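Enquirer:
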Amino acid sequence: MKRITAVIKPFKLDEVREALAEVGLTGLTVTEVKGFGRQKGHTELYRGAEYVVDFLPKVKIEVVVADSQCDQVIDAIIGAARTGKIGDGKIGDGKIFVADVERVIRIRTGEENEAAV
Numbered sequence: 353m354k355r356i357t358a359v360i361k362p363f364k365l366d367e368v369r370e371a372l373a374e375v376g377l378t379g380l381t382v383t384e385v386k387g388f389g390r391q392k393g394h395t396e397l398y399r400g401a402e403y404v405v406d407f408l409p410k411v412k413i414e415v416v417v418a419d420s421q422c423d424q425v426i427d428a429i430i431g432a433a434r435t436g437k438i439g440d441g442k443i444g445d446g447k448i449f450v451a452d453v454e455r456v457i458r459i460r461t462g463e464e465n466e467a468a469v
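Numbered according to my numbering, the sequence shown spans residues 353 to 469.
1) Please report how far the alpha carbon of R455 lies from the alpha carbon of G400, in whole angstroms.
2) If you count every other CB in all the chains shown that lies within 10 Å of the CB of K437, and 16 or more means buried, which is it?
3) Which residue from A433, V469, K410 puts its Cα closest to that of I457?
4) Considering D366, what are the terminal residues of the alpha helix (DSSP H) in which it resides?
5) Taking L365 and L372 to be in contact with their CB atoms under 8 Å, please state how far apart those CB atoms are, rounded to whole angstroms.
6) When you compare each of E402, G376, K412, L377 to F363 by their alpha carbons, which one comes out closest?
Shown next, in the form of structure tokens:
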């Protein structure tokens, strides 16, 4: 099994959720987070003064899937989260991280691994 963690722009959450539902995903966890990548934040103007916004609002989506679903889920996230703005040197569309999951247990039933997902 794999844990797929995607950090995306907040306004893309509904599109990503719908894309994941279309590929048969039954559950996910969403967390509001702040961070920065290569862009290192950006500057804004407030009441005539310029200041640096170091951390940008993002949404972190976490799902655990069978190995056989991994590529399909990643493709769905990419397709829904991509804005189409390429190479502008500014804020990107996010990142996807994939990690192995050794064991999953459904607390209510005691089911394990793929049966628990």
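The beta carbon of each residue, even a glycine, is placed where N, CA and C say it ideally should be.
Note that the coordinates shown come from a computational prediction; the quantities given were computed from them, not determined experimentally.
Expert: Reading off the structure:
1) 54 Å
2) exposed
3) V469
4) 365-374
5) In fact, because the Cβ distance is near 11 Å, the residues do not count as touching under 8 Å.
6) K412
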